[in-house]
Amino acid sequence: MSPAKMHADEADIDTPLVRRLLAAQFPEWAGLKVEPVESNGTVNAIYRLGDDMAVRLPRIEGGVEDVQREMLLLPRLAPSLPLAIPAPLGEGEPGEGFAWPWYVYRWLEGENPVVGGLDEPGLFAADLAEFVMALQRVDPADAPRAYRSGPLARRDADTREAIARLHGVIDTDAATAAWEAALRAPGWDGPPVWVHADLQPGNLLTADGRLSAVIDFGCMGHGEPAVDLITAWSLLTADVRETFRAALGVDDATWARGRGWALSIALIELPYYRTRNATIARIARHVIGEILADHAAVNC
7 MSPAKMHADE ADIDTPLVRR LLAAQFPEWA GLKVEPVESN GTVNAIYRLG
57 DDMAVRLPRI EGGVEDVQRE MLLLPRLAPS LPLAIPAPLG EGEPGEGFAW
107 PWYVYRWLEG ENPVVGGLDE PGLFAADLAE FVMALQRVDP ADAPRAYRSG
157 PLARRDADTR EAIARLHGVI DTDAATAAWE AALRAPGWDG PPVWVHADLQ
207 PGNLLTADGR LSAVIDFGCM GHGEPAVDLI TAWSLLTADV RETFRAALGV
257 DDATWARGRG WALSIALIEL PYYRTRNATI ARIARHVIGE ILADHAAVNC
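Read the sequence shown against my numbering and you will find it ends at 306, with the numbers running on by one and no gaps.
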């Protein structure tokens, strides 16, 4: 069984391929069951290996660097973080018709959170804030640049192009006004910090109503802290959003830039994934709606 393809240049990945790769490179694990994992991930295909491991393979060439970055950096970050993160167990090489590196890591139990489905939203927001603060305290001296970093203005052309493509789908005038408000926010003038840079619902796991793990660190690196605020609009309701902000001690400018990051990401994702990934598209619509409501409330 192959995961459904989302990209024109996506590799052919299926269970027999994973079994062949394991047999050739990790024969000690070749006899374990291999099952595809239903995932809304857009860059990697994931297969469960036995009961306590998983195999992760890049779907596209752009995901290759993510694998290498995680193999190097996750073991160094793990001791400083309050939540479980992926633990690499083995790095696979190209072979058996698959062109890129891949890896095996420890399986993490949990469910992706959904809007309105949090049993303890206040505690979840506190857990998330604790993780973000712990990550920011790690020395970024030898960190690579995060995939999402730099001033919002660098995303202006792509964001406006996405808004134009969404004419008739969303309120494009309101989206433009909200985006322009984010661009007016003062830029980050502090030192770079460690950021995950992709704290979306699909990269968070919950257990017993609490945030239990953070996964998919392919975008991580040093950047400005606003990029790790995006979850505030994808998962948290307005009241809990303020709890999250207060726990982090975020100033107005950083909060405005965080809103801008969340809006830009959602606007760019929605036209691309409308027919490719229903869950990503649904989350993007939700984020846009939350941010437009925020903007309207501030400017009423």
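We put the beta carbon where it would ideally sit given N, CA and C, even for glycine.
Alpha carbon to alpha carbon, how far is His301 from Asp258? Give it in angstroms, no decimals. Indexing the sequence shown from 1 puts residue 258 at position 252. Indexing the sequence shown from 1 puts residue 301 at position 295. Their backbone Cα atoms lie some 13 Å apart in a straight line.
Please classify Ala284: is it buried, with 16 or more other beta-carbons within 10 angstroms of its beta-carbon, or exposed? Along the sequence shown, one-based indexing puts residue 284 at 278. So Ala284 counts as exposed.
Cβ of Arg151 within 8 Å of Cβ of His228? On the sequence shown, residue 151 is found 145 positions in, with the first residue counted as 1. On the sequence shown, residue 228 is found 222 positions in, with the first residue counted as 1. Going by C-beta atoms, Arg151 is nearer than 8 Å to His228.
With DSSP as the reference, label Met59 as helix, strand or coil. Taking the first residue of the sequence shown as position 1, residue 59 is located at position 53. Strand.
CA-CA distance, Pro127 and Phe137? As a position in the sequence shown, residue 127 is number 121, starting the count at 1. As a position in the sequence shown, residue 137 is number 131, starting the count at 1. Rounded to the nearest angstrom, the two C-alpha atoms are 15 Å apart.
What are the partner residues of Tyr278, as DSSP defines its beta bridges? Counted from its first residue, the sequence shown places residue 278 at position 272. Paired residue(s): none; Tyr278 is not in a bridge.
Using 10 angstroms around the beta-carbon of Arg160, count the other beta-carbons present and answer buried if the total reaches 16, otherwise exposed. What you label residue 160 is simply residue 154 of the sequence shown in a count that begins at 1. Exposed.
Measuring CA to CA, which of Tyr279, Gly264, Gly208 is closest to Ala187? Taking the first residue of the sequence shown as position 1, residue 187 is located at position 181. Cα-wise, what sits closest to Ala187 is Gly264.
Inter-stretch contact at 8 Å, needing at least 3 Cβ pairs: the region 21-29 / the region 102-109: yes
Could you spell out where the alpha helix (DSSP H) holding Val293 opens and where it closes? Position 287 of the sequence shown, counted from the first residue, corresponds to residue 293. Start and end: 284-304.
Using the Cα positions of Gln31 and Gly96, report the straight-line distance between them to the nearest angstrom. Residue 31 sits at position 25 when you count from the first residue of the sequence shown. Residue 96 sits at position 90 when you count from the first residue of the sequence shown. If you take the alpha carbons of Gln31 and Gly96, they lie about 10 Å apart.
If Leu276 and Ala287 are in contact, beta carbons under 8 Å, what's the gap, nearest whole angstrom? Reading the sequence shown from its first residue, position 270 is the one you call residue 276. Reading the sequence shown from its first residue, position 281 is the one you call residue 287. Yes, they are in contact, since the Cβ atoms of Leu276 and Ala287 sit about 6 Å apart, within 8 Å.
Measure the CB-CB distance between Ile19 and Ala60 and report whether it falls below 8 Å. In the sequence shown, residue 19 corresponds to position 13, counting from 1. In the sequence shown, residue 60 corresponds to position 54, counting from 1. No, the Cβ-Cβ distance between Ile19 and Ala60 is not below 8 Å.
Could you tell me the distance, in whole angstroms, from the CA atom of Val220 to the CA atom of Leu210? Residue 220 sits at position 214 when you count from the first residue of the sequence shown. Residue 210 sits at position 204 when you count from the first residue of the sequence shown. Straight-line Cα distance between these residues: approximately 5 Å.
Quick one, which of Tyr153, Val121, Glu167 has its alpha-carbon nearest Gly295's? Walking along the sequence shown from the start, residue 295 turns up at place 289. Ranking Tyr153, Val121, Glu167 by Cα distance to Gly295 puts Val121 first.
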